[in-house]
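Since the structure comes first, as structure tokens, the remarks are kept for the end.
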Amino acid sequence: MTVNGFEPGESGGGPAECDGKYHGDKDLLVALSSGWYSGGRRCQRAIRITSARTGRSVEARVVDECKFPARLMQDALGLDTSVGEVPVTWSDA
266 MTVNGFEPGE
276 SGGGPAECDG
286 KYHGDKDLLV
296 ALSSGWYSGG
306 RRCQRAIRIT
316 SARTGRSVEA
326 RVVDECKFPA
336 RLMQDALGLD
346 TSVGEVPVTW
356 SDA
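Here the numbering used here = 1-based position in the sequence shown + 265.
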């Protein structure tokens with residue numbers, strides 16, 4: 266997992282693929298890799314993301330392809346993203 270923002274000018278790039286909108290950093294959102302994104306079939310669906318280190322989990326809404334969750338999720342999962350990528354698992358909620 267890497268952490269990106271979905272607000273204008275943040276590391277998430279342009280507007281979200283699923284709805285063409287920007288989203289605030291307080292929303293629990295996720296962008297999935299192309300294979301899991303499935304051509305948009307998971308758009309707006311909830312998925313559960315679990316930290317492999319802490320065991321904590323959150324539900325997030327799929328809004329984009331290729332990038333990963335917004336900053337709020339790192340706090341909810343207790344992740345230290347300063348180490349770069351962190352191990353997580355996810356499943357459909």
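Quick reminder that beta carbons are idealized off the backbone N, C-alpha and C, glycines included. Just so it is clear, the structure is predicted and the values come from calculations on it, not from any experiment.
Quiz prompt | beta strand (DSSP E) segment containing residue 322, residue limits | solution = Taking the first residue of the sequence shown as 1, we reach residue 322 at position 57. Where residue 322 is concerned, the enclosing beta strand (DSSP E) stretches over 322-330.
Quiz item: Given a threshold of 16 other Cβ atoms within 10 Å of its Cβ, counted over all protein chains shown, does residue 318 qualify as buried or as exposed?
Solution: Here the question's residue 318 lines up with position 53 in the sequence shown. Burial state of residue 318 is exposed, judged by a 10 Å Cβ sphere holding fewer than 16 other Cβ atoms.
Quiz item: Under the three-state reduction of DSSP, which class applies to residue 357: helix, strand or coil?
Solution: Here residue 357 corresponds to residue number 92 of the sequence shown, with the count starting at 1. Under the three-state reduction of DSSP output, residue 357 falls in the strand class.
Exercise. Go through its chain and collect everything with a Cβ distance to residue 355's Cβ below 6 Å, but skip five positions before and after it.
Key: On the sequence shown, position 90 is the one that residue 355 refers to. Apart from sequence neighbours up to five positions away, the residues of its chain that approach residue 355 with a beta-carbon distance below 6 Å are 312, 314, ordered along the chain.
Quiz item: Is residue 316 helix, strand or coil by DSSP?
Solution: Counted from its first residue, the sequence shown places residue 316 at position 51. Residue 316: strand per DSSP, three-state reduction.
Exercise. Take residue 281 and list the residues in its own chain whose beta-carbon comes closer than 8 Å to its own, dropping the five residues that flank it on each side.
Key: The residue labelled residue 281 in the question sits at position 16 within the sequence shown. The answer, listed in chain order, is 271, 287, 288, 294, 296, 328, 329.
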